[in-house]
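Okay, structure first, notes after.
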Amino acid sequence: MADWKMKKYILHTASFLLVLAGCLAVYLIVLMTWDADSLASNPLNMRKSAAQADIVRGSILDAQGRVLAQTRADGTRSYPMGAAFAPVTGYNGEKIGSAGIEGHENQALLGLTQDMSRIGPAAQLFQADRGNDVTLTIEGDAQQAAYDGLAGRRGAVVVLDVTTGAVLAMVSSPSYDPNNIEANWKALSAQDSGPLLNRAVQGLYPPGSTIKPLIADAALTNGVTDESEIFDCTGALDVGGGSTIRESHGEVHGKVNLRQALEESCNVTFGTLGMRLGDKKLEEAFHRYGFDRELGGDILMTKSHFPDFGHLSKGDQAQTAIGQSSLLVTPMHMALMAAAIANGGTVMKPYLVEKVTTPGGMTAQAASPSAWLTAMTPDMAAKLDSYMEGVVKKGTGTAAAVSGIRVTGKTGTAENAQGKDHAWFIGSAQLRGRKIAFAIIVENAGGGGIEAAPIARKIILSLE
């Protein structure tokens, strides 16, 4: 009897161990297949740190081949262009890991392929003693012009090539010097100004009047107005419940059509359109432009924050239509909206990496531009583009005008519960051989036409 019990216990124990072994096998399979890519690219993966000890990390270059990051003789990283380019290059440190392109392209900079990174230390048998170089789409002159234009003020700038999606500039201010970030990490992390935050893709702001081209599109598309309707702006709009929306600086625009309302940034007109559209049609418009989507790839963009569509009062609908209420967006998304209007309604997926080159000069990876979404019809895009040209020619955005260049735009002065208004400017410019789109925000600066539009002019001149 005792032998039978012993055999039973042994059988149960063996069965239990077999189940544990099976669970371990399944876990290993999951790690080696579904989770392999994310684990391999994780900046905290210590295999990469071990590999870096034996490999000279590749350089990061701008679109003209200027060095943005390189490895010093002592193995540490050098960033010749400093703080202006830090939101793009990011950083790489032994104790703090990596971010930006340094983090996203970590494998390429170490000369590792996806397959090689999965096999761990054995990969060192097959790799060169120097990593690959990563060439970005960033145009150094535009990046520096945007950074200088912000002049140390809090804010962000995004500039895109509308036909390819290439990111020509991505600036966030205040920034940090990546050359000494490890030594200053604790102090930088504690600063209220958030220098480590990439405001261009992670900052959320009320868009203010820069959202009005989208509202004009939604209103025309849904037939709640037409180009011939005349709105009577008395300077204030009763939205019910004892609430009123007023024009900036007490202005009274009088009788205006939709084009004139956009040129003069008339809150009464667009508040009226927001109430006519209602929750569902407002939500559909934001979806059509991709405000509820993430980008993926080498740009990690924070999702927009929307009002509670389906439960908005008339006042909230009107406020949303002038870029207020609880609507919050990133500068990158506003640049994509401007790009859609400038590119016939098609938004190209933005990207930062143009190519990856091996130490031997071979191209290991090259960008392949692709469409992200279609926001509107070509006819609607042409109409809005024409309206926005009027903003720069004779409306609120004349400070962005550049002689001999067709510039479009939309100003915005976004109310901010934490302080002074934010200054916005979005738009496009037809340069020699290409068209660009941009979004600029200067925090707590006041009027967009005065503070943000001149930065657009500096950027355009830097690219000409």
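Position 44, counted from 1, in the sequence shown is what our numbering calls 1066; the numbers after and before it change by one each time, with no gaps.
We treat Cβ as the ideally placed atom computed from N, Cα and C, and that holds for glycine.
When the Cα atoms are used, MET1103 and GLY1441 turn out to be separated by approximately 32 Å. Between the stretch 1444–1459 and the stretch 1419–1434, the count of Cβ pairs shorter than 8 Å is three or higher; the stretches touch. Taking all protein chains in view, the Cβ of SER1211 is surrounded by fewer than 16 other Cβ atoms within 10 Å, so the residue is classified as exposed. Excluding five sequence positions before and after GLN1387, the CB atoms of its chain that fall closer than 8 Å to its own CB belong to ALA1130, VAL1375, LYS1377, VAL1378, given in chain order. Pairwise C-beta distances place the stretch 1246–1259 in contact with the stretch 1273–1280, as three or more of them are shorter than 8 Å. Below 8 Å, enough C-beta pairs join the stretch 1395–1404 and the stretch 1309–1318 to call them touching: three or more. Spatial neighbours of ARG1175 in its own chain (CB-CB distance under 6 Å, excluding positions within 5 residues in sequence) are listed in chain order as VAL1464. Of ALA1451, GLY1419, ILE1237, the smallest CA-CA separation from ARG1298 is found for ILE1237. Around the C-beta of LEU1033, fewer than 16 other C-beta atoms lie within 10 Å, and the residue is accordingly described as exposed. Taking a cut-off of 8 Å on C-beta distances, the stretch 1313–1331 touches the stretch 1224–1236, as three or more cross pairs fall below it. For the pair CYS1255 and PRO1196, the Cα-to-Cα distance works out to about 39 Å.
Inclusion of GLU1127 and VAL1156 in the CB contact set at 8 Å is warranted, their separation being smaller than that value. For ASP1183, the secondary structure class from DSSP, reduced to helix, strand or coil, is strand. Excluding five sequence positions before and after ILE1458, the CB atoms of its chain that fall closer than 7 Å to its own CB belong to VAL1181, LEU1182, ASP1183, VAL1184, LEU1190, SER1450, ALA1451, LEU1485, given in chain order. Beta-bridge partners assigned by DSSP to LYS1480: none are found. Every beta strand (DSSP E) stretch that sits fully inside the stretch 1364–1410 and reaches 3 residues is listed by chain position as 1368–1370, 1375–1379, 1385–1388, 1393–1396. Taken atom to atom, the span from the alpha-carbon of ALA1361 to that of THR1368 is near 8 Å.
Judged by DSSP in its simplified three-state form, GLY1431 adopts strand. Here ALA1343 is near GLY1296, since their CB atoms are less than 8 Å apart. Sequence-distant partners of GLN1165 (beyond 5 residues in either direction) whose C-beta falls short of 7 Å from its own C-beta, in its chain, are ALA1106, PHE1107, ALA1191, VAL1193.
When rounded, the separation of the alpha-carbon atoms in GLY1257 and ASP1199 is 47 Å.
Given a length threshold of 4 residues, each whole run of the alpha helix (DSSP H) inside the stretch 1209–1265 is given here in chain order: 1221–1224, 1234–1243.
For ASN1128, the uninterrupted alpha helix (DSSP H) run begins and ends at 1128–1131, by DSSP. If you ignore the 5 residues before and after SER1347, its C-beta comes within less than 6 Å of the C-beta of PRO1329, ASP1338, GLN1341, all in its own chain and listed in chain order. Considering only TYR1373, GLU1473, ARG1479, GLY1469, the residue with the shortest C-alpha distance to ALA1423 is ARG1479. Going by C-alpha positions, SER1265 is about 17 Å away from GLY1300. With respect to the C-alpha of LEU1334, the residue from LYS1302, LEU1350, GLY1318, ASP1320 having the closest C-alpha is LYS1302. For ALA1188, the pairing in a beta bridge is given by DSSP as TYR1373. Leaving aside the five residues that flank THR1399 on each side, the residues in its chain whose CB is nearer than 7 Å to its CB run, in chain order, GLY1367. Here the alpha carbons of SER1037 and THR1111 stand approximately 53 Å from one another. In the three-state reduction of the DSSP assignment, GLU1473 falls in the helix class.
Annotation: CYS1288 to LYS1234 spans about 9 Å, alpha carbon to alpha carbon.
The criterion of a C-beta distance shorter than 8 Å is satisfied by ARG1079 and LEU1132. One alpha carbon belongs to LEU1349, the other to THR1380, and they sit about 45 Å apart. Here GLY1449 is bridged, per DSSP, to GLY1431, PHE1460.
Contact between VAL1429 and GLU1285 does not hold, since their C-beta atoms are separated by about 14 Å, which reaches or exceeds 8 Å.
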